[in-house]
Amino acid sequence: MSLKTAIKTIVGVAVAFGFAVFMLWVMSGFGNRQSRIKDVTSKGILLLSNGTEPEDLDPHLVTGVPEHNIISALIEGLVSEDPKDL
803 MSLKTAIKTI VGVAVAFGFA VFMLWVMSGF GNRQSRIKDV TSKGILLLSN
853 GTEPEDLDPH LVTGVPEHNI ISALIEGLVS EDPKDL
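Letter by letter, the sequence shown follows residues 803 to 888 in the working numbering.
Here it is, written out as structure tokens:
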């Protein structure tokens with residue numbers, strides 16, 4: 803076997819091995835994982851989609867609806883109605 807043929811064989815094997823390693827790496831990302839929704843609901847995490855970046859989270863300074871929605875979700879559990887006043 804000539805040197806040229808040996809080099810071609812070695813390069814071919816290296817390329818095939820590299821491709822196999824790459825495919826294993828790609829396929830490892832698609833395993834049976836828990837979905838993000840199941841993960842956050844089991845931990846009691848609130849996911850809130852507001853559409854835009856809030857200007858501020860200071861309740862005294864906000865004027866926009868996205869900021870109001872975030873602040874309402876944050877303080878919702880801090881206050882409740884008094885049954886006597888209803």
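We treat Cβ as the ideally placed atom computed from N, Cα and C, and that holds for glycine.
How about residue i and residue j: are their beta carbons less than 9 Å apart?
i: G866; j: E857; result: yes
i: L850; j: I872; result: yes
Who are the near neighbours of residue i in its chain, counting only those whose CB is closer than 8 Å to its CB and skipping five residues on each side?
i: A875; result: L848 and L850
i: L826; result: none
Within its chain, find whatever has a CB closer than 7 Å to the CB of residue i; leave out the 5 residues flanking it on each side and keep chain order.
i: K870; result: Correcting the residue identity first, residue 870 is His in this sequence and not Lys. If we look at H870 and ignore the five residues flanking it on each side, its Cβ neighbours are V864.
Inset, instruction - Jot down the residue ranges of each uninterrupted alpha helix (DSSP H) in the stretch 837–870, minimum 4 residues, whole runs only, in chain order. - result: 838–845
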